[in-house]
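Below is one structure, written out as structure tokens; the observations come after it.
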Amino acid sequence: MTAISPETADAAAILDRVEASLKNDLVPVEIFNDEAVFRAEIEQIFTKCWVFVAHESEIPKPGDFVQRRIGLDPVIVTRDGKGGINVLSNYCRHRGTQVCQTDAGNSRFFKCPYHGWTYSNNGDLVGTPHMHDAYGERLDPKAWGLIRAPRVATRQGFVFASLDPDGPSLDEYLGGAGWMLDLIVGLAPGGMRVAGPPERYRLRADWKTAAENFAGDGYHVDTLHWSVEEVAVAQGMQATCEIARIYEFENGHAFAGHAWTKAIHPGYVLWGYAPEITQHFDLSGLDEAQLHVVNHEPPSVGTIFPNLSFIRLNTPSVPGGPMSVITSFRQWQPIGPGEIELWNWQFVWDFMSEDEARDSYVNGQFTFGSAGIFEQDDTVAWEGAPRAARSPWMRKAGMEFHLQQGNNSQVDQSHDPSWTGPGRKRNTGYGEHAQLHFYRHWLNVMRGNTGAGTEGAESA
Amino acid sequence: MTTTETPRIVPPVSANPELQALATQFLALEARLLDEGREEEWYGLLDDELLYTVPIRQAAEPRSQEIDRNAFRVRDTKAHVRTRLDRLNTDHAYSEIPPSRTLRIVGSVEVEEIDRPDVIKVSSALLVYRQRGIDPHFDLIPCRRYDQLRLTPSGPRLLSREIVLTETALATPNLGVFL
């Protein structure tokens, strides 16, 4: 348990209502646009959970850096001269000025424009103008270095940082999501790399709406995205939930896969990747459950709590055009209550030729990107919740969102008893279980429960 | 042409004022057709070999590194544009139902002749005002465009367009409109 901050105290009444609502598979509207809830999310979630900041392929060489965010804080993610990865707060220790004003680059130093305090790319303070007259002696480089994220760790090249010095390790935190990440990007030596820098677009949407959608909302696909089926870029959308498999893991992570070998044909293994791609795959490191997943029920979407999501689908960009399996990771960056920046990275296999990588990149952007023919429609649908949340009428009326889909459905939504992988698996996309899983964990973390062992409390 | 080219001190004067007028009129027509929801007519102005790109821009130093031409928000051929139009015509492309009300202001048109007699380079500034659906607010999309127009007996056709967005992070939630 963690001490309750003033922001959390303001949000406490709302959290009580969330708890009561969630018992009935409902979610109160006000959490999607509320200053106190938002401040509490930054305090309780983004300063405590492991948060994705960069992929190692974005900073391959010494001196490379990218500027990222952990919650509201700007951080510089650097590759120092010794090859180490540093996650540094972008606030000068002297007066707080941002020492880095760019999104990416290569530099050994970050010099504050205000008084010239200069930091090495490992965060150490290495220079103060007029040192003798101003300070008499050298200031301690570590004590006055840029404040570092207390913990930084990687999995499959994905760099995460935690602003909490205590708590589970990254691998413990990811749990089954790490196991899933391994089978998504670790299928070939060298793994995957970013196809380019993230593209960014601002939505008047709440980060939770995006995160819950990518956790496993198959139900929206054949309505919101129906136009993509109509123009014959996608096929068979109406079976999205029916053939879906929901994977729920500890700490709020959830993925949704699809039983392609059953729905399409038995040879449609490995997401439908072409033989030119799969010839590079080495599945020898996978356990039995992972082998089953990649071949028969591979993940299509997923959310690693709090705000990193993933999508992989086999798609042409034009009807009848060449297919490619696209992989996008995206981060829902909280900007303010009911507002995010969507950061979208297309990923390609490290072994891919330039042409293969570009085809996958272009198909990825054409479907999931700021101009993506799927994504455009999500960006608009998600803008409703914050408006409802801000409405005095809706709040007074006690509006709650309906997540009771599974309550009277005849579809078997129980946990698959034969499942030997981590977490739980359900053999249908109906029931909104991934979303409930997300919100139940959200409540737990907002209440200060960040440790492991919350799975039981979050069970439906 | 790139944003990073050393600027000429003397503004280029098109050797052929007719070309300047032709290009300016073409961009104005395009903008009006799109503002009036006449996408199919606009589509008729696209060359079969069209390449329409929106590279990714990031804050970087030196400024010449801001635009990554190997990184795309959009990289469309004419077939991609056709698919986008077909999707808009399904009546289920919700991001554009109803279609955004737009006003495209085109300015700073510069024309340059190149070594291909049937192709000219045209650069322009574009500011798109966009109001979507029942939004109480509007979005602005500022950009510079670096085009190549092919001159055909039926008039100019858009052969290539590179759109350099002024923003690093889009303030509009999607690029559901053509720039």
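Chains as they are written, first to last, in the numbering used here: chain A, 1 to 460; chain B, 1001 to 1179. C-beta atoms are modelled at their ideal positions from N, C-alpha and C, and glycine is treated no differently.
In the structure shown, residue 400/A adopts extended strand secondary structure according to DSSP, grouped into three states. Each of 24/A, 25/A, 17/A and 44/A was checked against the Cα of residue 31/A, and the nearest Cα belongs to 17/A. It is roughly 14 angstroms from the alpha-carbon of residue 1033/B to the alpha-carbon of residue 1085/B. Here residue 43/A is buried, its C-beta having at least 16 other C-beta atoms within 10 Å.
For residue 1064/B, no Cβ of chain A is located within less than 8 angstroms of the residue's own Cβ.
Looking at the DSSP output, residue 314/A sits in a beta bridge with 325/A.
For a Cβ distance threshold of 7 angstroms, residue set 196, 197 and 199 of chain A lies close to residue 1056/B, ordered along the chain.
Between the beta-carbon of residue 95/A and that of residue 119/A there is about 14 angstroms, and that puts the pair past the 8 angstroms contact cut.
DSSP, read as helix, strand or coil, puts residue 1102/B in strand.
DSSP links residue 1107/B through a beta bridge to 1125/B. Not a single C-beta of chain A is nearer than 8 angstroms to the C-beta of residue 1048/B.
Using a CB distance cut-off of 8 angstroms, residue 272/A does not count as an interface residue toward chain B. Close CB contacts of residue 151/A within its chain, under the 7 angstroms cut and outside five residues either way in sequence, are with 161, 162 and 165 (chain order). Proximity of chain A to residue 1090/B at the Cβ level (cut-off 7 angstroms) is accounted for by 227, 230 and 231, in chain order.
Annotation: Cβ neighbours of residue 319/A in chain B (cutoff 7 angstroms, chain order): 1083.
If you draw a straight line from the Cα of residue 177/A to the Cα of residue 250/A, it is about 8 angstroms long. Cβ contact annotation for residue 88/A (same chain, cutoff 7 angstroms, sequence separation greater than five): 75, 76, 78, 123, 146 and 148, in chain order. Within chain B, the C-beta atoms nearer than 7 angstroms to that of residue 369/A come from 1073, in chain order.
Going by DSSP, residue 74/A is part of the beta strand (DSSP E) stretching over 73 to 79. Chain A has a Cβ within less than 8 angstroms of the Cβ of residue 1168/B.
The C-alpha of residue 420/A lies about 25 angstroms from the C-alpha of residue 439/A.
The Cβ neighbour count for residue 61/A, taken over all protein chains shown within 10 Å, is under 16; the residue is labelled exposed. Under the three-state reduction of DSSP output, residue 191/A falls in the coil class, being neither helix nor strand. The Cβ neighbour count for residue 393/A, taken over all protein chains shown within 10 Å, is under 16; the residue is labelled exposed. DSSP links residue 127/A through a beta bridge to 118/A.
Proximity of chain A to residue 1079/B at the Cβ level (cut-off 9 angstroms) is accounted for by 317, 318, 319 and 321, in chain order. Under the Cβ criterion of 8 angstroms, residue 325/A is not counted among the residues facing chain B. Under the three-state reduction of DSSP output, residue 1083/B falls in the helix class.
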